[in-house]
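J.:
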Amino acid sequence: MGCSSYLWLVSILVLLNTPSLDCQHQNGDDYIHYDTPSLQHPPSPCPGVFSYEGREAEKDKWFGVILVTTDAVLKGLRLDIILDSPAQLIGNWIGDVSSSSNIHFTILNLNMTVNPGPPTSVRIFAKFQHGGEVPRLQSIQLNGREICPEHGIPPIVTKPITTRRPTSPPTVRPIYTVDAITRTVPVTSTPNPSSTDVYRGCGRTTEQPTPLITGGQGTSRGQFPWHAALYQSKDIHLKYTCGGSLIGARVILTAAHCVTKHSSNYPMNPDLFLVYLGKYHLKVWSEGGVQVKQIVEIIVHPKYNSSNFQADLAILLLSSPAEYTVFVRPVCLWDRQQTDLSYVIGKEGTVPGWGLDETGQISEDLMMTKMPVVSQQTCLWSNKDFFPSFTSNTTFCAGYRNGSVCNGDSGGGMVFSRKIDGSTVWMLRGIVSLSKSKENQATCDVSNYVVFTDAAKYLDWINKLTK
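Rendered as structure tokens:
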């Protein structure tokens, strides 16, 4: 077949953005030459942190090494890797991988400890389509802090000398994801409780023994399966910041001030947060039944006011659906026929959380507090210099004024139990918004009432976003 016979094919291939064809003649025979993408590695965007292995990529993958260094002990490791074009997958030998775009990949190992001293090597590989565009590393974040590119900062470690990929395979199988969008991140080898025979609807829990603790503030695992822990990356650490309530398989309801930039109504970068479902021990990273979720979108109520905390609500959309178990279940939204505050005034609501006490110490195990809802008039008169600025017909106050929830409980939910068909069902009424601070101190004053955002007044907005 002559070279001209390929002209119609060439035009189609160009349109499809496939390797172009160059017809040439040699020794009387026609042959086709493919202009394939270059496999030679470009310079690293951060030579002190990342280096490619070898001089060029293989036909469908490349290998590289990330050097992780820290000045303080890291409990838990998260690496966010961003490429300049899609890859089929990113593999590694230390943690679980997830991605929602095939450009931004997250490697997560919450059980890993990284100590100061010599760098820890994290070996990765990127797999891509043979003959297609070769994805290249663009940036790396370590626990939410960008470490690549280095932005002119002198490298803190020496670039490793890697001339070729080792010929013998690693002794540990690499970890990678194929179905990256729906990947869930396990945190322990302990299997999750079965979800097929324990879940019968929102707001329901399995019967749990209640520990006998003075004041009745203790809880047991599974007692509040909708309560979520929100962690934020602070420099190189993960820090618990707020609570939240699971109201759907992929939906968390929390306070807007927990996820917005300081003194604004602009949401923070979702990549800075992780949501823990089914968590009981705040400082234990290997609990069985815990589910860890990334956030793909933060939706702040459009009327949120960072000055007076009105409409202090935000919805977090999770990267993948929660698996309902005895430890992870949604709470019911409030009955829209009973949104008037009179239905709860004088009644005790329950608020779970790992809140700070009046000394500023955070509790390590999930606690709860019961407090009555008071009338708006009672709340306003209790402190005329404070509450008139922060209360409205879409908030309510609660508490005994002798030690209630505190700073660390922001975003958590106040729930009330009801009997439906002979079963106890928990319904969400309020979201912890703010409390009065002690004079010239950052800790809260538990002698004052706590202000809650009345979630029942925002049911239309919540339902619109969760359907």
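Heads up: the sequence shown is residues -23 to -1, 1 to 444, going by mature numbering (1 follows the signal peptide of the UniProt record, and there is no 0). A virtual CB, placed ideally from N, CA and C, is assigned to each residue, including glycine. These figures come from a predicted structure and were not determined experimentally.
(1) Is the Cβ-Cβ distance between TRP331 and LEU87 less than 7 Å?
(2) Given a cut-off of 7 Å on the beta-carbon distance, is the pair PRO329 and LEU318 in contact?
(3) Tell me, please, whether the region 432 to 442 touches the region 235 to 243 by the rule of three or more beta-carbon pairs shorter than 8 Å.
(4) For ARG32, which residues in the same chain have their Cβ closer than 7 Å to its Cβ, ignoring the five residues on either side in sequence?
(5) What's the gap between the Cα of VAL155 and the Cα of ILE117?
(6) Would DSSP call ASP342 helix, strand or coil?
(7) Can you check whether the CB of GLN271 is closer than 7 Å to the CB of ALA299?
(8) Give the C-beta separation of ALA233 and HIS278 to the nearest angstrom, bearing in mind that I take them to be a contact with Cβ-Cβ under 8 Å.
(9) Does chain B have any CB closer than 7 Å to the CB of GLY108?
(10) By the three-class DSSP mapping on this structure, what secondary structure does ASP73 have?
(11) With DSSP collapsed to three states, give me the class of SER359.
(12) What number of angstroms, rounded off, separates the C-alpha of VAL427 from the C-alpha of VAL45?
(13) Which residues in the same chain as GLY225 place their Cβ atom closer than 7 Å to its Cβ, once the five residues preceding and following it in sequence are excluded?
(14) Can you look up THR401 in the DSSP assignment and give me helix, strand or coil?
(15) What does the alpha-carbon distance come out to for the pair SER284 and VAL99?
(16) Taking the beta carbon of THR368 as the centre, do at least 16 other beta carbons fall within 10 Å, making it buried, or is it exposed?
(17) With a Cβ-Cβ cutoff of 7 Å, do PRO393 and ASP431 count as a contact?
(18) Leaving out five residues on either side along the sequence, give the residues of the same chain with a beta carbon under 7 Å from the beta carbon of HIS81.
(19) Hey, quick one: how far does the beta strand (DSSP E) through THR443 stretch, first residue to last?
(20) For LEU259 versus GLU341, is the C-beta spacing smaller than 7 Å?
(21) Restricting to runs no shorter than 3 residues, where is the beta strand (DSSP E) found entirely within the region 24 to 88?
(22) Taking C-beta to C-beta, are ILE322 and SER352 nearer than 7 Å?
(23) Which of the three DSSP states, helix, strand or coil, is assigned to PRO244?
(24) Suppose contacts are defined by Cβ-Cβ distances below 7 Å. Is THR199 in contact with PHE304 by that definition?
(25) For LEU294, name the three-state secondary structure that DSSP assigns.
(26) On the criterion of 16 or more Cβ atoms from any shown chain inside 10 Å, does ASP6 qualify as buried, or is it exposed?
(27) At what residue ranges does the region 252 to 316 contain a whole run of the beta strand (DSSP E), taking only runs of 3 or more?
(28) Out of GLY399, ARG378, TRP403, VAL409, state which residue places its alpha-carbon closest to the alpha-carbon of ASN425.
(29) Who are the Cβ neighbours of ASP61 in its own chain at under 7 Å, not counting the five residues just before and after it?
(30) Measuring straight from C-alpha to C-alpha, what distance separates LEU215 and ASN120?
(31) Over what stretch of residues does the beta strand (DSSP E) that includes GLY326 continue unbroken?
(32) GLY180 and MET404 - do their beta-carbons sit closer together than 7 Å?
T.: On the basis of the data shown:
(1) Along the sequence shown, read from residue 1 onward, the residue named residue 331 stands at position 354. Along the sequence shown, read from residue 1 onward, the residue named residue 87 stands at position 110. No, these two residues do not count as a Cβ contact at 7 Å.
(2) Here residue 329 refers to the residue found at position 352 of the sequence shown. Here residue 318 refers to the residue found at position 341 of the sequence shown. Not a contact, by the Cβ cut-off of 7 Å.
(3) Touching, no, given that fewer than three Cβ pairs across the two stretches are closer than 8 Å.
(4) As a working note, residue 32 is residue 55 in the sequence shown. By the criterion of a C-beta distance shorter than 7 Å, ARG32 is surrounded in its chain by GLN17, HIS18, once the five residues flanking it on both sides are discounted.
(5) Here the question's residue 155 lines up with position 178 in the sequence shown. Here the question's residue 117 lines up with position 140 in the sequence shown. In this prediction, VAL155 has a pLDDT of 32, which is less than 50 and means its spatial position is unreliable; what the coordinates show is noted afterwards. Whole-angstrom Cα-Cα distance: 21 Å.
(6) Position 365 of the sequence shown, counted from the first residue, corresponds to residue 342. Strand.
(7) To locate residue 299, count along the sequence shown from 1; it is residue 322. To locate residue 271, count along the sequence shown from 1; it is residue 294. Contact: no.
(8) Position 256 of the sequence shown, counting from 1, holds the residue named residue 233. Position 301 of the sequence shown, counting from 1, holds the residue named residue 278. In this structure, ALA233 and HIS278 form a Cβ contact; the two beta carbons are roughly 6 Å apart against a cut-off of 8 Å.
(9) Going by chain labels, chain B is absent from the structure shown, which holds only one protein chain.
(10) The residue you call residue 73 lines up with position 96 of the sequence shown. Taken through DSSP and simplified to helix, strand or coil, ASP73 comes out as strand.
(11) For the purposes of this step, residue 359 is taken as residue 382 along the sequence shown, with counting starting at 1. DSSP, reduced to helix, strand and coil, places SER359 within a helical segment of the structure shown.
(12) Residue 427 sits at position 450 when you count from the first residue of the sequence shown. Residue 45 sits at position 68 when you count from the first residue of the sequence shown. Taking the straight line from one Cα to the other gives about 43 Å.
(13) Residue 225 sits at position 248 when you count from the first residue of the sequence shown. PRO307, THR443.
(14) Within the sequence shown, numbered from 1, the residue matching residue 401 stands at position 424. It is a strand residue.
(15) As a position in the sequence shown, residue 284 is number 307, starting the count at 1. As a position in the sequence shown, residue 99 is number 122, starting the count at 1. Their backbone Cα atoms lie some 44 Å apart in a straight line.
(16) The residue labelled residue 368 in the question sits at position 391 within the sequence shown. Buried, by the Cβ-count rule.
(17) Within the sequence shown, residue 393 is the residue found at index 416, counting from 1. Within the sequence shown, residue 431 is the residue found at index 454, counting from 1. Residue identity check: residue 393 is Phe in the sequence provided, not Pro. Not in contact: PHE393 and ASP431 (Cβ atoms no closer than 7 Å).
(18) Indexing the sequence shown from 1 puts residue 81 at position 104. Excluding residues within five positions, the ones whose Cβ falls inside 7 Å are ASP57, ILE59.
(19) In the sequence shown, residue 443 corresponds to position 466, counting from 1. For THR443, no beta strand (DSSP E) run applies; the uninterrupted alpha helix (DSSP H) run containing it begins and ends at 436 to 443, by DSSP.
(20) Taking the first residue of the sequence shown as 1, we reach residue 259 at position 282. Taking the first residue of the sequence shown as 1, we reach residue 341 at position 364. By the CB criterion at 7 Å, LEU259 and GLU341 fall inside the cutoff.
(21) Fully enclosed beta strand (DSSP E) runs of 3 or longer: 27 to 29, 38 to 45, 51 to 60, 66 to 69, 73 to 76.
(22) The residue given as residue 322 occupies position 345 in the sequence shown. The residue given as residue 352 occupies position 375 in the sequence shown. Yes.
(23) Translated into positions along the sequence shown, residue 244 becomes position 267. In this structure, PRO244 counts as strand in the three-state DSSP scheme.
(24) Walking along the sequence shown from the start, residue 199 turns up at place 222. Walking along the sequence shown from the start, residue 304 turns up at place 327. Residue identity check: residue 199 is Gly in the sequence provided, not Thr. Yes, these two residues count as a Cβ contact at 7 Å.
(25) Counting from one through the sequence shown, the residue named residue 294 turns up at place 317. The answer is strand: DSSP assigns LEU294 an E or B state.
(26) Counting from 1 along the sequence shown, the entry for residue 6 is found at position 29. With a pLDDT of only 44 at ASP6, under the threshold of 50, the placement of this residue in the model should not be trusted, and no figure is reported.
(27) Here the runs fully enclosed are 268 to 277, 291 to 295.
(28) Sequence index remark: in the sequence shown, residue 425 carries index 448 (1-based). The shortest C-alpha separation from ASN425 is found at ARG378.
(29) Translated into the one-based positions of the sequence shown, residue 61 becomes position 84. Around ASP61, the same chain offers PRO112, ARG113, GLN115 as residues with beta carbons nearer than 7 Å, after the five sequence neighbours per side are excluded.
(30) The count along the sequence shown starts at 1 and reaches residue 215 at position 238. The count along the sequence shown starts at 1 and reaches residue 120 at position 143. Each residue's alpha carbon lies about 7 Å from the other.
(31) Stepping through the sequence shown from its first residue, residue 326 is reached at position 349. Note, GLY326: beta strand (DSSP E), 325 to 330.
(32) Indexing the sequence shown from 1 puts residue 404 at position 427. Indexing the sequence shown from 1 puts residue 180 at position 203. Against a cut-off of 7 Å, the Cβ pair of GLY180 and MET404 comes out as a contact.
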